[in-house]
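Protein chains in written order, with the working numbering: chain A, 1 to 234; chain B, 235 to 468. Quick notes on the structure that follows.
Protein chains: 2
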Amino acid sequence: MPSERVEQRREGVREEIKQAARRLMAEHGTAGLSLRAIAREINMLPSGLYHYYGSLDDLITALIVDAFNALADALEAARETAAGPGSAAQLTAVLEAYRRWAMTHPTDFQLIYGNPIPGYAAPREITVPPVIRGFSVIVGLIENLLQSGVLEAAPPYDVIPPEVEARLQTLIERDGYPVSARALFLGVVGWTQLHGIIMLEMFNHIQPVIGDVETFYRAQVINLLKTLGLKTAI
Amino acid sequence: MPSERVEQRREGVREEIKQAARRLMAEHGTAGLSLRAIAREINMLPSGLYHYYGSLDDLITALIVDAFNALADALEAARETAAGPGSAAQLTAVLEAYRRWAMTHPTDFQLIYGNPIPGYAAPREITVPPVIRGFSVIVGLIENLLQSGVLEAAPPYDVIPPEVEARLQTLIERDGYPVSARALFLGVVGWTQLHGIIMLEMFNHIQPVIGDVETFYRAQVINLLKTLGLKTAI
DNA sequence: TCTATAATTTGAACACTGTTCACAGTATAG
DNA sequence: CTATACTGTGAACAGTGTTCAAATTATAGA
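And the structure:
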């Protein structure tokens, strides 16, 4: 029977552990994520950490959940500060925030969208919800644009492969998402396209070819919205 | 002064080491890449391996170069076996081979396009050439389609950001690539778009949403070529 | 306030990891 | 046949995640 007070302190130490972990990751990359190094950082013995996290994997999972939520926060913030609610500018702001967050938090991004720790596989039932949170920001804006008519799915993105549409429909009904299959589809299309650029930039595969990745990315965001069927200019 | 005969045997052992490494990776993921495990596998002491590879990183680099070349082989093979040289079907075949190779060689793919080993960073001067080899297959086909008029860059992909075009032009001249900046640009656009899908599929981020990733990917390949400005139907 | 109980920290141990180095054995070349 | 270069050995070092009993500390109830 853990009392209120005890539980609060436990949570405090857990936070301290995570902060030390993030500090080490920022310095030495995802390679710096060592249980013993964390213990050293906060003046504890390695074994002591096991009272707060069952294993290093559990700690990583906690960091991943935090990272997904931080990304979602960044996307939501971009949506709020962007000019004109319901405008396409809001969507471009969010899509650009996606890359900006990735580039300013490379280790966190690798943690969630790469496979940075050998032997570790994230438990989906824990990590999926915060993923949805971030993705919902994009899909929500697309849904708005579709409903206001600013966006009208244009060929070839106006047709959804039947197998895919069925799955999306199931997902929407099962989890009660307030969006259309169309918005979800366009969201996935956009997400995958831009994610590829970020992933290649992150590991330095595209910069040597394209040079200025930022301009390329911005251009691709606009090209994406145009091909998806945006009616207004950006 | 290493003689012919000696060098040949060295190369044989090096191959044996790499094969053991690939076997372990296939079984235990990139996590299985342990110098000591490899040594065990081929009945050697860990220290013995240092006569063939200066360090684990050197071995990883060798595996990466092999993987990039294997990927390039797969793309070239897809190009050769596809019906109708110079046709768009050839390009779709190659683009689909890209994903197929990734999915049938997940550890190799993670090795080259992720950052699977903590603390390891690939030396670009060694890894870039085989990257170019694979990429050239795609860009070469695009160049063909552009010249034969089957592909005519359509809005919005008919304009190249000036900063990007300048860089591409420099690259073409410096390395003597027999392609246009336009082909290179469209190649990068397509590459990044599809790479995003593969990357998200690899780490199981997209399958839960979209269900049948294969159909989604095939649809996106076709959508890509259409938006890039393909004149003929697929 | 004192005590019984729960929470926390300790320290040692185990089985791993990559890497270095002097040494012994083996094959090669002159 | 011998001197030399090559190859593998074995021990050691510093690091890793993890487990467990013991010791310490803090909490809660009387």
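We put the beta carbon where it would ideally sit given N, CA and C, even for glycine. Source: prediction; values computed, not measured.
query, result
"A:VAL6 burial status per 10 Å Cβ neighbour count (16 or more: buried)", "exposed"
"Cβ pair count under 8 Å reaching 3, the segment 389–397 of chain B against the segment 335–352 of chain B", "no"
"Inter-stretch contact at 8 Å, needing at least 3 Cβ pairs: the segment 129–141 of chain A / the segment 174–188 of chain A", "yes"
"CB-CB length for A:VAL164 against B:PHE450, believed under 8 Å", "5 Å"
"Alpha carbon of B:ALA301 to alpha carbon of B:ALA273, nearest angstrom", "21 Å"
"CB contact check: B:ASP392 to chain A, cutoff 8 Å", "no"
"Proximal residues of chain B, C-beta to C-beta of A:TRP167 below 9 Å", "Note that residue 167 of chain A corresponds to Arg in the displayed sequence, not to Trp. The contacting residues are VAL443, ILE444, GLY445 and ASP446."
"Distance between beta carbons of B:GLU250 and B:ILE276, contact taken as under 8 Å", "6 Å"
"Selection from A:ALA62, A:THR227, A:LEU168 and A:ASP212 that minimises the alpha carbon distance to A:GLN19", "A:ALA62"
"Whole-number beta carbon distance between A:ARG174 and A:LEU146, since they are thought to touch under 8 Å", "That pair is no contact at about 21 Å."
"Test: A:PRO178 CB closer than 8 Å to a CB of chain B", "no"
"Helix, strand or coil at A:LEU230 according to DSSP, with G and I counted as helix", "strand"
"Cβ neighbours of B:ILE213 in the same chain (closer than 6 Å, five flanking residues each side left out)", "Absent from the structure is residue 213 of chain B, since the part of chain B shown begins at 235 and ends at 468."
"Where B:HIS339 meets chain A, residues with beta-carbon distance less than 8 Å", "Neighbours of B:HIS339 on chain A: none; closest Cβ ~15 Å, over 8 Å."
"Nonlocal neighbours in the same chain, by C-beta distance under 7 Å from A:ALA72, ignoring five residues either side", "PRO130, ARG133, GLY134 and VAL137"
"Helix, strand or coil at A:LEU45 [DSSP, three-state]", "coil"
"Candidates B:HIS262, B:TYR332 and B:ALA322, of which the one nearest B:ASN303 by Cα", "B:TYR332"
"Through-space distance from A:ALA83 to A:THR170, alpha-carbon basis", "34 Å"
"Segments assigned alpha helix (DSSP H), at least 4 residues, entirely inside the segment 390–447 of chain B", "396–409, 415–436 and 441–444"
"Min CB distance B:PRO395 to chain A below 8 Å", "yes"
"Buried versus exposed, by CB contacts within 10 Å (16 or more), B:GLN427", "buried"
"B:THR326: first and last residue of the uninterrupted alpha helix (DSSP H) it sits in", "322–338"
"Any chain B beta carbon closer than 8 Å to A:MET25", "no"
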